[in-house]
Amino acid sequence: MSKVITIDPVTRLEGHGKITLKLDARGEVENAHFHVTQVRGFEKFSEGRPFYEMPALMARICGICPVSHLIASAKACESIMAVEIPHTAAQLRRMLNLAQMVQSHALSFFYLASPDLLLGMDADPSTRHLFGVAAAYPELGRAGIGLRRFGQHIIELLGEKRIHPGWVVPGGVTEPLTPAKRDEILAMLPEARAGVQLALKSYKEITYRFEQEIAHFASFPSLFMGLINDDETVEFTDGALRLIDANGNIVADGITAKKFTEVIGEAVEPYSYTKFAYYKPYGYPEGSYRVGPLARLNIAKSFGTPLADTELRQFKQVENGPVRGSFHYHYARLIEMLHGVEKIEHILNDPQILDKHVRATAGVNRLEGAGQAEAPRGTLMHNYKVDSNGKITWANLVIATGQNNNAMNQGVLQAARHFVHGEKLSDGILNRLEAVIRTFDPCLSCSTHAFGKMPLRIELINSDGECVDITQR
Amino acid sequence: MENVWTLHKGKAMKPAISTARMKCLVLACGNPLRSDDAVGLELARYAREWIRDWEAVAVVISATQWTPELAAEIASAESVIFLDCCTDNAPGKVALRVVEPCERVQPSTHHLHAAELLALSRDLYDALPLRAFLLTIGAASLAMHEGISDTVADALPIAKEKLKEVLKICLAR
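For the record, the sequence lines run as chains P and D. Every letter in the first sequence is one number past the one before it in the working numbering, and letter 39, counting from 1, is 20. Every letter in the second sequence is one number past the one before it in the working numbering, and letter 97, counting from 1, is 89.
Okay, here's the thing in structure tokens:
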């Protein structure tokens, strides 16, 4: 008799999703799915709006990474305008995106993942949360909160708001940087740098405890994709995409936003509202790939900043070739935070950073435009079509979570086959299945939040549709 | 829409623990698109106006949700006044109570309660305000709507009076 186990919702994620496991008659896992159960509709209801409204509208998709949507959207608009933005505006946007990356990674690592990493996957769930970390590891807790504040405060300084700043607009940014704000950000850097270094040290000290998780949390060969500069350094805001295979061979390079939809397709599965992106020449699902911190570190040769480059060299020793274990998304995330702090300092020391010319202007010069950027959790692409008056007639967004969707599903299946045997699930096993998803830090629907208490309920249903076991917390 | 961190704008970010503790921190929580949920923000506006006449260091922060980062602000305050609506009390009922850090928590990464924020401040920074108050008004409606209900609007003068009293206590030399 086959059985289905449902984990709904998956906790400590951005947004709401559920996991189902199908067991065979012997109680072994036959299949697993990660379902994204929300539907949004931003692409549809933006139709008819003026294109220059798009950055502000699209930023509302997400409360954690609105900056990435702002930037990808503004770049798509600039493609429609056929303008190149001023150097200073590009640098300021880069800094804003890095600040967002730091605060988002801090949320993912310290608030969502560190309870599992520091307290243990099998720790009592009543203490396996941020408060448990704060009580047991206050120094790390302070570092996490400090890094969130660091990133958020830079966003607020530049964009006047921590969430959904309106500062990034088609053509550049609305206001230049002032010397006072530059100096304030520079003064925050040492504490932020120390916080990341502390977290990196702690992570390296505890990874030996997670041998099983490292081996079975979405650890398999796949393609990897991310933005990269011409000098093969990691890039978050500009550059072009590179796709490599599991052995590190370059599959495709120099993929601009305009070319994105020529090479990347989107498949649909009946069990999820999130699409499944794939590399078209390989077809679906063979062309599925991973994006985000792990992919970015796998495709790049360096960061171009000294401390992060030292860490990257160690990271590349983890496996022989590209790192396949998704558990190491956490490691990659910390190294990216270190780079973010370093790169922000580098940008602030750009002699042109206080330049007042930060915006280019133009009307509709093309009827279609696309823009891409790296969100904290992976590559983000916005593609718009407009009429001659600049009204949106069609929009498509390819988000990081969709690009990691197949890997997350395969990862849950891999972990479930290793950890789940029989009908009864312990909390530790349940937590491991959720933790697979957490490694990817998916953003299912950040701008929607639960009202009230979020329950976690697991049902074991037999092939006759009868519920044979329920676990709830 | 109320700006968060309003009084921080353009000023240096406060250290997690300042050498000179701020006299009073007012933390308001609410969503202006959810009817009476916005009442904390309305009280924060009143507090902001009222403390202008005081020389003491005071900060008012309005947020849609209370997030863990606010523990750092709490750790640097002598007194904290939390402002929120509530669903536990009868609609329009004004309640003022002392808040203590809780021992057991059911945390969310998106939203914490006043007692949880105090506990986090204690655990992370080994610091608690000398006094912490929670002022609430019972919500009559949390529907998707801009503007508070008549029931809660009628209760606002009482809540403002209580807020003024507690501000006086917190700002007293």
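For every residue, glycine included, the Cβ atom is placed at its ideal position computed from N, Cα and C.
For Leu112 (chain D), the C-beta contacts it makes with chain P under 9 Å involve Leu111, Phe112, Ala115, Gly122, Ile126, in order along the chain. For Lys25 (chain P), the enclosing alpha helix (DSSP H) stretches over residues 23 to 26.
With fewer than 16 other beta carbons inside 10 angstroms of its own, Gln333 (chain P) counts as exposed. Asp146 (chain D) sits in a helix when the DSSP states are folded into three classes. Comparing C-alpha distances from Glu120 (chain P) to each of D:Tyr117, D:Asp29, D:Gly130, D:Ala55 shows the shortest one belongs to D:Tyr117.
Under the Cβ criterion of 9 Å, Tyr117 (chain D) is counted among the residues facing chain P. If only uninterrupted alpha helix (DSSP H) runs of at least 4 residues are considered, those enclosed by the stretch 47 to 79 of chain D are 62 to 67.
The C-alpha of Gly302 (chain P) lies about 17 Å from the C-alpha of Asp290 (chain P). Contact with chain P is absent for Ala107 (chain D), since none of that chain's Cβ atoms lies less than 9 Å from the residue's Cβ. Ala104 (chain P) and Leu134 (chain D) have their C-alpha atoms some 37 Å from each other. Rounded to the nearest angstrom, the gap between the Cα atoms of Ile418 (chain P) and Thr382 (chain P) is 10 Å. Contact annotation, Met76 (chain P) with Ile328 (chain P): C-beta distance approximately 5 Å; criterion of less than 8 Å satisfied.
In this structure, DSSP gives Gln333 (chain P) a state outside helix and strand, which the three-state scheme calls coil. Contact between Ile236 (chain P) and Val244 (chain P) holds: their C-beta atoms lie close to 6 Å from each other, under 8 Å. Contact with chain D is absent for Ser60 (chain P), since none of that chain's Cβ atoms lies less than 9 Å from the residue's Cβ.
The C-beta of Gln395 (chain P) comes no closer than 9 Å to any C-beta of chain D. By the neighbour-count criterion, in which a residue is buried when 16 or more other Cβ atoms sit within 10 angstroms of its Cβ, Ile144 (chain P) is buried. As a beta-bridge residue in DSSP terms, Met14 (chain D) pairs with D:Ala69. For Glu355 (chain P), the enclosing beta strand (DSSP E) has its first and last residue at 349 to 356. Contact between the stretch 306 to 323 of chain P and the stretch 25 to 45 of chain P is absent: fewer than three C-beta pairs spanning the two stretches fall below 8 Å. Cβ neighbours of Leu204 (chain P) within its own chain (closer than 8 Å, five residues either side excluded): Leu224, Ile225, Asp226, Ala227, Val232, Tyr260, Tyr263, Gly268, Ser269, Tyr270, Arg271. Contact check between the stretch 108 to 124 of chain P and the stretch 108 to 124 of chain D: three or more CB pairs, one atom from each, fall below 8 Å, which counts as touching. Annotation: Ile129 (chain D) to Glu138 (chain D) spans about 17 Å, alpha carbon to alpha carbon. The stretch 57 to 75 of chain P makes contact with the stretch 142 to 161 of chain P, as at least three CB pairs between them are under 8 Å.
Non-local beta-carbon contacts of Met82 (chain P) in its own chain, meaning distances under 6 Å to residues more than five positions away in sequence, involve Gly321, Pro357 in chain order. Apart from sequence neighbours up to five positions away, the residues of its chain that approach Glu355 (chain P) with a beta-carbon distance below 6 Å are Leu208, Phe217, ordered along the chain. Between the C-alpha atoms of Glu186 (chain P) and Glu192 (chain P) there is a straight-line separation of about 13 Å. Boundaries of the alpha helix (DSSP H) around Glu172 (chain P): 160 to 187. Annotation for Thr188 (chain P): no residue places its beta carbon closer than 6 Å to its own, counting only its chain and skipping 5 residues before and after. Think of a sphere of 9 Å around the beta carbon of Arg129 (chain P): the chain D residues whose beta carbon falls inside it are Thr59, Pro60, Glu61, in chain order.
Taking a Cβ-Cβ threshold of 9 Å, the residues of chain P close to Ala64 (chain D) are Arg123, Ile126, Gly127, Arg130, in chain order. Chain-ordered listing is empty here: chain D has no CB closer than 9 Å to the CB of Pro106 (chain P), the nearest sitting near 11 Å. In the structure shown, the three-state DSSP call for Leu222 (chain P) is strand. In the three-state scheme derived from DSSP, where H, G and I count as helix and E and B as strand, Ser133 (chain D) is classed as coil.
Around the beta-carbon of Asp29 (chain D), 16 or more other beta-carbon atoms lie within 10 Å, marking it buried.
Annotation: the continuous beta strand (DSSP E) that includes Asn377 (chain P) extends over 373 to 379.
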